[in-house]
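Note sheet for the following structure.
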Amino acid sequence: MKALAFDLGAGSGRAVLGWIEEGRIVIQEVHRFSNEPVQVGGRLHWDILRLYHEIKQGIRSAWRAADGQIGSIGIDSWAVDFGLIGRNGELLANPYHYRDSHTANAIEEVLAVVPETEVFARSGIQFLPFNTLYQLHALKRDHNPALEQAEHLLMIPDLLRYFLTGEMHSEFTNATTTQAFNPTTGKWDERLLSAVGVNSAIMLPPVQPGTEVGRLSEAVTRELGVAAIPLIAVGEHDTASAVAGVPALQPSFAYLSCGTWSLMGTEVKEPVLSEQAQALNFTNEGGVYGTYRLLKNIMGLWLQEESKRSWEKEAGTKLSYSDLLGRAEQAEPFRSLIDPDDLRFLNPSDMPAEIAAYCRETGQPVPASDGEIIRCILESLALKYRFVFEKTQALSGAVYEGLHMVGGGIQNEMLCRFTAGALGKPVWAGPAEGSVLGNLAVQFIASGEVADITEARKLIGESFDIKVYEPEASARWNEQYGLWKKIAGL
Ligand code: LFR
Numbered sequence: 196m197k198a199l200a201f202d203l204g205a206g207s208g209r210a211v212l213g214w215i216e217e218g219r220i221v222i223q224e225v226h227r228f229s230n231e232p233v234q235v236g237g238r239l240h241w242d243i244l245r246l247y248h249e250i251k252q253g254i255r256s257a258w259r260a261a262d263g264q265i266g267s268i269g270i271d272s273w274a275v276d277f278g279l280i281g282r283n284g285e286l287l288a289n290p291y292h293y294r295d296s297h298t299a300n301a302i303e304e305v306l307a308v309v310p311e312t313e314v315f316a317r318s319g320i321q322f323l324p325f326n327t328l329y330q331l332h333a334l335k336r337d338h339n340p341a342l343e344q345a346e347h348l349l350m351i352p353d354l355l356r357y358f359l360t361g362e363m364h365s366e367f368t369n370a371t372t373t374q375a376f377n378p379t380t381g382k383w384d385e386r387l388l389s390a391v392g393v394n395s396a397i398m399l400p401p402v403q404p405g406t407e408v409g410r411l412s413e414a415v416t417r418e419l420g421v422a423a424i425p426l427i428a429v430g431e432h433d434t435a436s437a438v439a440g441v442p443a444l445q446p447s448f449a450y451l452s453c454g455t456w457s458l459m460g461t462e463v464k465e466p467v468l469s470e471q472a473q474a475l476n477f478t479n480e481g482g483v484y485g486t487y488r489l490l491k492n493i494m495g496l497w498l499q500e501e502s503k504r505s506w507e508k509e510a511g512t513k514l515s516y517s518d519l520l521g522r523a524e525q526a527e528p529f530r531s532l533i534d535p536d537d538l539r540f541l542n543p544s545d546m547p548a549e550i551a552a553y554c555r556e557t558g559q560p561v562p563a564s565d566g567e568i569i570r571c572i573l574e575s576l577a578l579k580y581r582f583v584f585e586k587t588q589a590l591s592g593a594v595y596e597g598l599h600m601v602g603g604g605i606q607n608e609m610l611c612r613f614t615a616g617a618l619g620k621p622v623w624a625g626p627a628e629g630s631v632l633g634n635l636a637v638q639f640i641a642s643g644e645v646a647d648i649t650e651a652r653k654l655i656g657e658s659f660d661i662k663v664y665e666p667e668a669s670a671r672w673n674e675q676y677g678l679w680k681k682i683a684g685l
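In my numbering, the protein residues as written are 196 to 685.
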């Protein structure tokens, strides 16, 4: 039997079949589709029904490719976004996209009602303006009619699963990212939800990854000409799946899930709710099989993706990453540096101009060419990785020998090289299919084909190439780290 994983990322979504053959995992992409947010009425939305349509196309293609041998389906996507369901079971409005600006002042507004320490103590989640808690607050504040009418809230993968099966379930890893779930009580936090004026009855009790959560409904099986395939709640937060897919052999390890976002941290058994964790704005997101992901969001390759988009818009033609990275390689090292996590970079209208302005305001040479900007982004990311790596060690009390990097971002070899240099430790890069493999791993474990997560990680390591980057030029990186911390005010 094969498992089918859907992974919805920024820009595109994919349907990937996975199975085990001669002791290795084999994967086959059967459908790829665009996942672009839609701006309407000044707001940024998900194109949710189109995605549902593409998911159905993916199931149809997979069914054909697997000769009907599909044992289960799992869906993962980015966190925090949700749909609201009304009394007749229908979706009430198009879900908002987390990069929409309606949450601009929401953190401050909510913290005026519940103190920051209390929000952290109750949720263990980092303060990011787009967390579901702040999105809900913004909707409530703006008298959003969908929220007023809502009977249920479903996170995006919950919602797509509901469309497929007719059953509503909330999945644990994604639930924790809302900042409205309390990991200590294991329940939705009434106080946090009531602080933003939301009735906790709209939230469903979360199920753990690995649970079967319905089968394709009769209407769907008839439409697609497929069997009633079961749906498995995987680590439906894409980062939970990415962490599940890290090919680490040790129980304690540091990871970086590298894509549009960079998520760096480690796995822990219990959330770390210390003052220091709060001060460093670390998060404790739910993981698979009774773990928590102690990590921090880093703005990631979004900076590079958005810069490229700006230049393409200006030039009216597509640019290639290999050309851009080639020019970055030629650019002068350490000419200008930024803190990639300055919130000004969350969704600026012109990323290169925003980066240039940051450099100007901090008294540095202003990067002008595309090569200079890309170099500035990649060096700054590597330095931020070192900072977060050190803080992860401080919080967990562990010392890591090196860093596992997974996700599409590892195709950027310059970034992997810089990261090893900045850390002064080896980087083990691979596989690039982070989330998809973690999604499949949970399905393999659910079907009994793989014993547990330790076996699954070992199997992933044996099935895919892991490239090792040894640190180079560490003295230079050390010196720059000191300078960068001053520039970033850290
Ligand atoms: C990565 C990710 C991060 C989350 C961000 C927004 O794709 O899921 O973990 O913080 O997107 O949801």
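All C-beta atoms, glycine included, are put in the ideal place defined by N, C-alpha and C.
Inset, instruction - Given a cut-off of 9 Å, decide if H347 and L279 are closer than it, judged by their beta-carbon atoms. - result: Yes, the Cβ-Cβ distance between L279 and H347 is below 9 Å.
Legend entry - A205: CB within 8 Å of a non-hydrogen atom of the ligand LFR: When distances are taken from the beta-carbon of A205 to the heavy atoms of the ligand LFR, the shortest one is below 8 Å.
Inset, instruction - Please classify H297: does DSSP put it in a helix, a strand, or coil? - result: Assignment of H297 by DSSP, reduced to helix, strand and coil, places it in the helix class.
Inset, instruction - Please classify K662: does DSSP put it in a helix, a strand, or coil? - result: The answer is strand: DSSP assigns K662 an E or B state.
Legend entry - Terminal residues of the beta strand (DSSP E) in which W623 lies: Element bounds for W623: V622 to A624.
Legend entry - Rounded distance between the beta-carbons of T327 and Q374, thought under 8 Å: Confirmed, Cβ separation roughly 6 Å.
Legend entry - Assigned secondary structure, D537 (DSSP; H/G/I helix, E/B strand, else coil): Secondary structure of D537 (DSSP, three-state): coil.
Inset, instruction - Could you name each continuous beta strand (DSSP E) segment of 3 residues or more that falls completely within the stretch 206 to 286, going from the start of the chain to the end? - result: Within the stretch 206 to 286, the complete beta strand (DSSP E) runs of at least 3 residues are 206 to 216, 219 to 230, 233 to 235, 238 to 240, 265 to 272 and 277 to 280.
Inset, instruction - May I ask whether a heavy atom of the ligand LFR can be found less than 8 Å away from the beta carbon of D433? - result: Yes, the beta carbon of D433 sits closer than 8 Å to at least one heavy atom of the ligand LFR.
Inset, instruction - Along the alpha helix (DSSP H) that carries R671, what are the first and last residues, could you check? - result: Annotation for R671: the continuous alpha helix (DSSP H) segment containing it runs S669 to A683.
Inset, instruction - Starting from N479, follow the alpha helix (DSSP H) in both directions and report where the run begins and ends. - result: For N479, there is no enclosing alpha helix (DSSP H); the enclosing beta strand (DSSP E) covers residues T478 to G481.
Legend entry - N-terminal and C-terminal residue of the beta strand (DSSP E) that L458 is part of: Counting along the chain, the beta strand (DSSP E) containing L458 begins and ends at S457 to V463.
Inset, instruction - With a threshold of 16 other CB atoms inside 10 Å of the CB of D534, please say whether the residue is buried or exposed. - result: Flag for D534 reads buried.
Inset, instruction - Run the proximity test for V221: is its beta-carbon closer than 8 Å to any non-hydrogen atom belonging to the ligand LFR? - result: Incorrect: V221 has no Cβ contact closer than 8 Å to the ligand LFR.
Inset, instruction - Give a single yes or no on whether L498 has its beta carbon closer than 8 Å to a heavy atom of the ligand LFR. - result: No, the beta carbon of L498 sits no closer than 8 Å to any heavy atom of the ligand LFR.
Inset, instruction - Quick one: residues in its chain with C-beta nearer than 6 Å to the C-beta of P442, no 5 flanking neighbours on either side, listed in chain order? - result: Here the set comprises R652, I655 and G656.
Inset, instruction - With a 10 Å radius around its C-beta and 16 neighbouring C-beta atoms as the bar for buried, classify D660 as buried or exposed. - result: By the 10 Å Cβ count, D660 comes out exposed.
Inset, instruction - Let me know the secondary structure DSSP gives V402 once reduced to three states. - result: When DSSP states are grouped into helix, strand and coil, V402 belongs to the strand group.
Inset, instruction - Consult DSSP for A472 and reduce its assignment to one of helix, strand or coil. - result: Residue state, collapsed to three classes: helix.
Inset, instruction - On a CA-only basis, which of E596, I220 and F315 is nearest S469? Give me that one, please. - result: Comparing Cα-Cα distances from S469 to each of E596, I220 and F315, the minimum goes to F315.
Inset, instruction - May I ask which residues mark the beginning and end of the beta strand (DSSP E) holding K513? - result: Careful: K513 lies outside any beta strand (DSSP E) and carries neither H nor E.
Legend entry - Same chain, Cβ closer than 8 Å to R282, five either side skipped, listed in chain order: Short of 8 Å from the beta carbon of R282, and not among the five residues preceding or following it, lie these beta carbons of its own chain, in chain order: Q344 and E346.
Inset, instruction - Return yes when the C-beta of N230 is under 8 Å from any heavy atom of the ligand LFR, and no when it is not. - result: The answer is no for N230.
Legend entry - alpha helix (DSSP H) runs wholly inside the stretch 545 to 630, at least 4 long, in chain order: Listed in chain order, the complete alpha helix (DSSP H) runs (minimum 4 residues) inside the stretch 545 to 630 are 546 to 556, 565 to 591 and 608 to 618.
Legend entry - L203 versus S272 - alpha carbon distance: If you take the alpha carbons of L203 and S272, they lie about 5 Å apart.
Legend entry - C-beta atoms of D537 and N492 nearer than 9 Å: Not closer than 9 Å, so no.
Inset, instruction - Classify S517 as helix, strand or coil using the three-state DSSP reduction. - result: For S517, the secondary structure class from DSSP, reduced to helix, strand or coil, is helix.
Legend entry - Which of helix, strand or coil DSSP assigns to P425: Looking at P425 - three-state DSSP - the assignment turns out to be strand.
Inset, instruction - May I ask you to list the residues that DSSP assigns as paired with Y329? - result: Y329 pairs with nothing; no bridge assigned.
Inset, instruction - Since I believe S591 is in contact with V463 (beta carbons under 8 Å), could you give me their beta-carbon distance rounded to a whole number of angstroms? - result: About 6 Å separates the beta carbons of V463 and S591, which is inside the 8 Å limit, making them a contact pair.
Inset, instruction - Check N492 in the structure and name its three-state DSSP category. - result: Here N492 sits in strand by DSSP.
Inset, instruction - Assign G521 to buried or exposed, taking buried as 16 or more other Cβ atoms, counted over all protein chains shown, within 10 Å of its Cβ. - result: Looking at its Cβ environment, which holds fewer than 16 other Cβ atoms inside 10 Å, G521 is exposed.
Legend entry - Distance cut-off 8 Å: D536 Cβ against heavy atoms of the ligand LFR: Distances between the C-beta of D536 and the heavy atoms of the ligand LFR are all 8 Å or more.
Inset, instruction - Going by DSSP, name the residue or residues bridged to H347. - result: According to DSSP, H347 bridges with I280.
Legend entry - Heavy atom of the ligand LFR within 8 Å of L325 beta-carbon: In the sequence as presented, Leu is not what sits at residue 325; that position holds Phe. Yes, the Cβ of F325 comes within 8 Å of a heavy atom of the ligand LFR.
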